[in-house]
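For the numbering used here, count along the sequence shown from 1 and bump the result up by 10. Scroll down for the structure; my scribbles are underneath it.
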Amino acid sequence: MRMYLLILSLFFCGVSFAQSTISGSVTDNKNQSIPGANINVVGESSSTSTDFDGSFTLKSSKNFPFTIKVTAVGYETKTVNVTSASQKVIVSLAEERTMLNEIVVSASRTPERIIESPVTIERMGLQEIRNTTAPSFYEGLENMKEVIFNTSSISFKSVNTRGFATVANTRFMQLVDGMDNSSPALNFVLGNLIGLNDLDVASVELLPGASSALYGANAFNGILFMNSKSPFTNQGISTYFKYGQTSQDVAGTNDYVDFGFRAATAFTKHFALKANFNYISATEWIADDQRSMTGGSIGHANNQNYDGLNIYGDEVTTFLSNVGQVSRTGYHEKDLNDNKSKSIKADFAMHLKPWESETEIILQYKVGVGSTIYQGANRYSLKNFFMDQTKLEIKGKNFFARVYMTTEDAGDSYDMRFAGWNVNRAAKSDTNWFTDYAKSFQLSSAVLGLNANDAANYARNFADYNVSPGLGLSPNIDPNNPSAPRSARFEPGSPQFKSAFANVVSNPDLTQGAKFIDHSKLYHSDVNYNFKDLVKFAEIQVGGSWREYLMNSEGTIFTDYDGPLNYKEYGAYTQLAKKWMDDRLKFTGSVRYDKSQNFKGNISPRVAFVYSAGATRVHNFRVSYQTGFRNPTTQDQYIGLDLGPFALIGSAAENLDRFTEIRDVSPAGQAAGNPAQIEMSGQNAYHNAYTVASVQAFAASGNPKDLQVANIGLVKPEEVQAFEVGYRSVVRDFSIDLNAYYNIYDNFMNTARVISPYYGTVGTDMTNPAVLQSYQALAFGDRRVYQVYTNTSAQITSFGVGVGLSKKVYKDFEVGVNYNYSQFNFDQSKDPGFVAGFNTPKHRIKGSLGNSKLFKNFGFNMNIRWNTEYLWEASFADGMVPENTVFDAQVNYGIPKLKSVVKVGATNIFGKDYIQVVGAGLIGQQWFASWTINP
């Protein structure tokens, strides 16, 4: 706490040793102030930026006279000669006729005009961030061309481009100030949990498509770069307060609060500090999809084997003789968590410029704590989830080197499906419950004369509540376990329910509890050097990276029962860029080699050409070919998780032996000469199993010829070849951006369900006694379902087109329209069990209309998004995502005297609740009002 107070105090009492101080203002050609303009002393590192009213103060160690350079996004650069401290520096910037001169870095790891980018790139600058119609800049990314969101909860939104993604998007990278935001254990980004505060965002760049040639493994479907402001150029204290409400049919109307501040100062031209803080509190989009996953009507009243999608506990099911298939009564998801979303994130950074050169040393710490809901194989309540990152970086004009560490702690997180199962079992064991159901069903039919449906309802009432009018039955006592629970069902909100629930979510033993543990870490380093000042014939870069995962779940996620597991990977790359034909033709070629601990090395080349045509070189054509690859995640390789009806088994060779479990053999199996218990391992899942479809066919026909051995190979890296063409131009204020891509995927990673017999050897040779024994195991129900990680033999291709158009139509009114077409193809006959999980609409249209200068200090913006219906496929649930239209809008008013901006906005205006992820909560409406001081 003392250190925290010391850092804060420094922001208010900095001392400067500069010799010269100047002040002034920056306006546009209509005499309106330009906030956020950058002012740099030419030949020196001293710099600053303008306040909300366009004013600035700059300190320099130089003596008069000296020259300053003034830049702002969307305006032409201007230099001004300053002769004395008394000179009032008034700078008027002319608006740029084209946004194609914006500078981007990510496409080639070097600054270049966006028009010269060798691949498709999208950018969100300060103006777009201020004008976003979404509650935050991160949610505003959904309005960018190419972007599609997969929303698991109100605070967990997964960004994707070009298809093939679920909420757990392991094909997409997100870098914040150069640091990978992915969870070390889960291997995907947790939204903006430790991302940027809205006040600290300098720019956002998006590379859709494969980027492995420069960024390595997992830069497969795209990569998002979020860059923060420097405390040298953006100083002062800024804050905002945002209040609003969310509205959803299930959750009702609830408050939404968002508060943040940023403090930054440069004490000298060599030393600067900054700190950020953000707090968000909201009510979740509650998931309450009650469709039956086993078919039939909704609810147990007319469906005794009902399994509601967002009801947990009713997945526990069994076949009862003379009764049929019966499931237990479950709990709604909204009863198994508090439905509150909270996020607290902060970061602190110290920036040093020890010399007069551009060399800068940065020590940065980021931390985030949050509660949200994540959807994977099950629905998980991430409660008090903790994640932090610590970075040391040194960068200069032509190089950078950084090392960072990411750590996480699952906190009080738990699996809601297991919570439902085990709260049920705390009241009454499965054996006692199903025995009570069977007994009361048959007796109510025989003695009371009830029909089948009425008998089913009578039996459920007795099994749940121990009530049997007319029969006077007593709850079952299991002779094999007399102390097993046999109480009445715990009703949500009751003291018994609260007590059982608290015990379950704090217990990591999934046979009794639901908690999962995670203390995993990630260590990463990367370097880059640009030889442009040493080599003149072309721009050459070299670089590399190294990473180590430390998995530590104490056996609750991974097979790390006996201690943490380590996993390493490294890579190196080089790039050459060269211009010809009077700098009209630009060639970029790069190649990268990556090696992962458990797999052979991968080489990823990229070749791209950009040609600038026309007298003013504003017609720019590009063509590129590149490859990408995706390493299997830590979960793909080392998970060993018993989910009840099936178990997840990672496919690292050592993991097959690390995972073991004891299974109880049926009485029929024991009578056939088998032991009472059998030990199973990952070897059974991968090397002694049948396909699920063939076992189902065998169960229906009784014909062993229907059985098919599952030939499951160990997972290996997935590869893609990406071909892309594009065109960018601005003609008379009409901006055009076109692109088309074609991707070819090999060794596409997917999961498969297989069924392994407890005993016997799988096969089709009916003369082999061991094979016959496996048939017997299936017939007796002595079998285990596994989900394994492998690659499909089918080649997958995808094709897409993007169109972006924008124009100023009247004065400062600007209208924009984006269109994306996406499609994939594969031969299902080559892999009948393959599930693509493309999860992307074929057609998407986004539109915008806005004017940031409608009249003095007043602006507005509107966005609309439309998509066609599409199929959602994921391990938790499959289903159709309906066609949908979403309309968002905001108005803002600046108050220069208070250095403030007031904004009022709303999302999904006039719309109905809609989904992006089958199984997640429907997205409702939200309105907000914010007050930002010194933005």
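Beta carbons are placed, not taken as given, at the ideal position from N, Cα and C, and that holds for glycine. Remember, predicted model here, so these are calculated numbers, not experimental data.
Which residue from the options puts its Cα closest to that of residue i?
{"i": "residue 69", "options": "793, 717, 278 and 643", "result": "278"}
{"i": "residue 199", "options": "162, 219, 221 and 825", "result": "162"}
{"i": "residue 737", "options": "724, 627 and 753", "result": "627"}
{"i": "residue 885", "options": "927, 877, 537 and 463", "result": "927"}
{"i": "residue 820", "options": "544, 862 and 598", "result": "862"}
{"i": "residue 902", "options": "916, 731, 699 and 894", "result": "916"}
{"i": "residue 50", "options": "935, 240 and 597", "result": "240"}
{"i": "residue 418", "options": "63, 528, 314 and 875", "result": "528"}
{"i": "residue 86", "options": "808, 299 and 104", "result": "104"}
{"i": "residue 770", "options": "679, 745 and 851", "result": "679"}
{"i": "residue 913", "options": "356, 919 and 945", "result": "945"}
{"i": "residue 835", "options": "461, 692, 753 and 570", "result": "753"}
{"i": "residue 281", "options": "229, 304, 359 and 248", "result": "359"}
{"i": "residue 725", "options": "507, 663, 890 and 262", "result": "663"}
{"i": "residue 322", "options": "425, 270 and 402", "result": "425"}
{"i": "residue 272", "options": "788, 244 and 263", "result": "244"}
{"i": "residue 351", "options": "311, 194 and 395", "result": "395"}
{"i": "residue 859", "options": "824, 695, 792 and 924", "result": "824"}
{"i": "residue 675", "options": "750, 668, 687 and 138", "result": "687"}
{"i": "residue 560", "options": "608, 570, 575 and 356", "result": "575"}
DSSP state of residue i, grouped into three classes?
{"i": "residue 647", "result": "helix"}
{"i": "residue 381", "result": "strand"}
{"i": "residue 208", "result": "helix"}
{"i": "residue 25", "result": "Note that residue 25 scores a pLDDT of 36, beneath 50, so its modelled location is shaky; the value from the coordinates is reported in the next line. Coil, per DSSP."}
{"i": "residue 756", "result": "strand"}
{"i": "residue 58", "result": "strand"}
{"i": "residue 589", "result": "strand"}
{"i": "residue 824", "result": "strand"}
{"i": "residue 666", "result": "helix"}
{"i": "residue 47", "result": "coil"}
{"i": "residue 450", "result": "helix"}
{"i": "residue 946", "result": "Not covered by the structure: residue 946. The range shown for the chain is 11 to 945."}
{"i": "residue 426", "result": "helix"}
{"i": "residue 744", "result": "strand"}
{"i": "residue 400", "result": "strand"}
{"i": "residue 788", "result": "helix"}
{"i": "residue 371", "result": "strand"}
{"i": "residue 150", "result": "helix"}
{"i": "residue 905", "result": "strand"}
{"i": "residue 363", "result": "coil"}
{"i": "residue 225", "result": "helix"}
Which residue or residues does DSSP assign as beta-bridge partners of residue i?
{"i": "residue 536", "result": "412 and 555"}
{"i": "residue 581", "result": "555 and 604"}
{"i": "residue 797", "result": "658 and 763"}
{"i": "residue 876", "result": "855 and 895"}
{"i": "residue 419", "result": "396"}
{"i": "residue 545", "result": "In the DSSP output, where bridge partners are listed per residue, residue 545 has none listed."}
{"i": "residue 634", "result": "618 and 734"}
Do the CB positions of residue i and residue j come within less than 8 angstroms of each other?
{"i": "residue 723", "j": "residue 801", "result": "yes"}
{"i": "residue 594", "j": "residue 634", "result": "no"}
{"i": "residue 343", "j": "residue 297", "result": "yes"}
{"i": "residue 439", "j": "residue 495", "result": "yes"}
{"i": "residue 165", "j": "residue 353", "result": "yes"}
{"i": "residue 803", "j": "residue 841", "result": "yes"}
{"i": "residue 550", "j": "residue 398", "result": "no"}
{"i": "residue 745", "j": "residue 817", "result": "yes"}
{"i": "residue 620", "j": "residue 602", "result": "no"}
{"i": "residue 201", "j": "residue 850", "result": "no"}
{"i": "residue 216", "j": "residue 132", "result": "yes"}
{"i": "residue 526", "j": "residue 423", "result": "yes"}
{"i": "residue 75", "j": "residue 99", "result": "no"}
{"i": "residue 938", "j": "residue 254", "result": "yes"}
Output yes if chain C places a C-beta closer than 8 angstroms to the C-beta of residue i; else output no.
{"i": "residue 884", "result": "Absent from the structure: chain C. Only one protein chain is present."}
Fully enclosed by the stretch 243 to 320, which beta strand (DSSP E) runs are 3 residues long or longer?
-> 246 to 258, 262 to 278 and 281 to 293
Unbroken alpha helix (DSSP H) runs of length 4 or more, entirely within the stretch 679 to 731: which are they?
-> 692 to 697 and 702 to 711
Whole alpha helix (DSSP H) runs in the stretch 450 to 525 with 4 or more residues, listed along the chain?
-> 462 to 475 and 505 to 515
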